[in-house]
Amino acid sequence: MIESGGSTEIVDAVVEQSLLGGPRRYTRVQVAELSGVPVEQARKLWVALGFPAAASDDEVAFTDSDVAAVRAFAALSAASLTNEQSQVAAARTMGQAMARLAEWQADLITREVTGRLAADNGTTPEASRDATARAIAVLAELHDYAWQRHLAAALSRTHESGTATRPLLVGFADMVGYTRLSRHLDPDELTELLDAFETTTTEVITAHGGWVIKNVGDEVMFAAEHPRDGARIALDMHRAIARAAQTISEMPQIRVGLAYGPVLTRFGDLYGTVVNVAARLTGVARPGTVLADDGAAAILDADTDLTLRHLRSVRVKGISRLRSHVVRERKRR
Numbered sequence: 067m068i069e070s071g072g073s074t075e076i077v078d079a080v081v082e083q084s085l086l087g088g089p090r091r092y093t094r095v096q097v098a099e100l101s102g103v104p105v106e107q108a109r110k111l112w113v114a115l116g117f118p119a120a121a122s123d124d125e126v127a128f129t130d131s132d133v134a135a136v137r138a139f140a141a142l143s144a145a146s147l148t149n150e151q152s153q154v155a156a157a158r159t160m161g162q163a164m165a166r167l168a169e170w171q172a173d174l175i176t177r178e179v180t181g182r183l184a185a186d187n188g189t190t191p192e193a194s195r196d197a198t199a200r201a202i203a204v205l206a207e208l209h210d211y212a213w214q215r216h217l218a219a220a221l222s223r224t225h226e227s228g229t230a231t232r233p234l235l236v237g238f239a240d241m242v243g244y245t246r247l248s249r250h251l252d253p254d255e256l257t258e259l260l261d262a263f264e265t266t267t268t269e270v271i272t273a274h275g276g277w278v279i280k281n282v283g284d285e286v287m288f289a290a291e292h293p294r295d296g297a298r299i300a301l302d303m304h305r306a307i308a309r310a311a312q313t314i315s316e317m318p319q320i321r322v323g324l325a326y327g328p329v330l331t332r333f334g335d336l337y338g339t340v341v342n343v344a345a346r347l348t349g350v351a352r353p354g355t356v357l358a359d360d361g362a363a364a365i366l367d368a369d370t371d372l373t374l375r376h377l378r379s380v381r382v383k384g385i386s387r388l389r390s391h392v393v394r395e396r397k398r399r
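Numbering (this note's numbering), first residue to last: 67 to 399.
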């Protein structure tokens, strides 16, 4: 919610035209009729995308853009050939990703508008609306650009397999003692810490050809095509975090778990035993270390730049005998 009354009016005036594609003029039933999609299916897709459902079928809450979106989704052959449950799951995944992005962008636009109003009290409402519309347009262009680049990279990784299951290196890295640490940090300090962690780990992951699956608070989940890439990501992460700690005194050490094998790729996330093993290894790893499972170790053992120390099996939740291997760089004489 924008605090400034002036900025609220400006944003509201821009939203309908720039973001909603025009005024609200249709009911849920009319959207179904115009799009050719049954009203209940349209409602499920709308809710799955993360939007509140209209109070009733007679409420005028939808725009031409809404009609076009429902029609386009229904016409997408990859979606229309699947069952309703899969369609809803696809819509939910897209909605969750867009909602997170939109929350950040809304904060950015709010600061932009309120900043302009504070800097120039003589700014006319029309000029402020134009500035807000331009900010939204720039973000839309950047969104399309980033999405296209990420889609190109994803297609280059997946076009050969053609299946939902493929072998990948899965890794987790988390900050040691984050829960205790976060209790005594103020919001600004916590923001700085999380920003530094996410920036540092993302740069290392992408530098070695990996990609971020998701960030969850103090933890990042990533993937790579080959265990060698994953090992280099993990080892470089430790060095990068140590460098970050030189400027951010509260930056803790991290620990990393790696596992390699077949994983299920679904809506941008990864599932299966390999993912569970990587997560469990992270939980038992000592601060500043990298643990790998048997699948990754079998390949990394042949890497002359690395050394592996095999540890005794441990019992963790869901896995009775978890074998692990400490991965280190080989010291050169």
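Just so it is clear, CB atoms sit at the ideal spot from N, CA and C, and this is done for glycine as well. Remember, predicted model here, so these are calculated numbers, not experimental data.
query = Does the beta-carbon of F238 have 16 or more other beta-carbons within 10 angstroms, so that it is buried, or is it exposed?
reply = buried
ask   = If you drop the 5 nearest sequence neighbours on each side, which residues of the same chain put their C-beta closer than 7 Å to that of L247?
value = E316 and P318
key: Per DSSP, the bridge partner or partners of M287   = F238 and K280
ask   = Should R200 be labelled buried (16 or more other beta-carbon atoms within 10 Å of its own) or exposed?
value = exposed
task = Reducing DSSP to helix, strand and coil, say where L147 ends up.
result = Residue placement at L147 is flagged as unreliable, the pLDDT there being 49, under the threshold of 50; the coordinate-derived value follows with that caveat. Residue state, collapsed to three classes: coil.
ask   = Hey, L336 and L347 are a contact pair by Cβ (cut 8 Å); roughly how many whole angstroms apart?
value = With 8 Å as the limit, L336 and L347 do not qualify as a contact, their Cβ atoms being about 15 Å apart.
message = Could you tell me which whole alpha helix (DSSP H) segments of length 4 or greater appear in the region 96 to 163?
response = 105 to 114, 130 to 141 and 143 to 146
query = Are P328 and V340 close, meaning C-beta to C-beta below 9 Å?
reply = yes
ask   = Any idea what DSSP makes of A362, helix, strand or coil?
value = helix
query = Which residue from K110, T231, Q96 and G338 puts its Cα closest to that of A479?
reply = Since the first and last residues shown for the chain are 67 and 399, residue 479 lies out of range.
Alpha-carbon to alpha-carbon, R389 and Q153 = 39 Å
query = Residues in its own chain within less than 7 Å of V270 by CB, not counting five upstream and five downstream?
reply = I299, D302, M303 and A306
task = Could you tell me whether the Cβ atoms of I314 and E264 are closer together than 9 Å?
result = no
message = For L372 and R352, I'd like the C-alpha separation in whole angstroms.
response = 18 Å
From A172, V242, G276 and A345, residue whose alpha carbon lies closest to that of A308 = V242
inquiry  = In whole angstroms, give me the CA-to-CA distance for A310 and T266.
reply    = 8 Å
task = Please classify L147: is it buried, with 16 or more other beta-carbons within 10 angstroms of its beta-carbon, or exposed?
result = With a pLDDT of only 49 at L147, under 50, the local geometry of the prediction cannot be trusted, and no value is derived from it.
key: DSSP state of H216 mapped onto helix, strand, coil   = helix
inquiry  = If distances are taken between C-alpha atoms only, which option among E106, Q96 and V126 comes closest to R90?
reply    = V126
task = Count the other C-beta atoms from every protein chain shown that fall within 10 angstroms of the C-beta of R195, then say buried if there are 16 or more, exposed otherwise.
result = buried
Beta-carbon proximity of L115 to L235, cut-off 9 Å = no
Residue environment, H391, which counts as buried when at least 16 other CB atoms sit within 10 Å = buried
query = Just checking my contact of A230 with L330 at CB under 8 Å: how many whole Å lie between their CB atoms?
reply = 6 Å
message = On the DSSP letters alone, give me the boundaries of the alpha helix (DSSP H) that D295 sits inside.
response = P293 to A310
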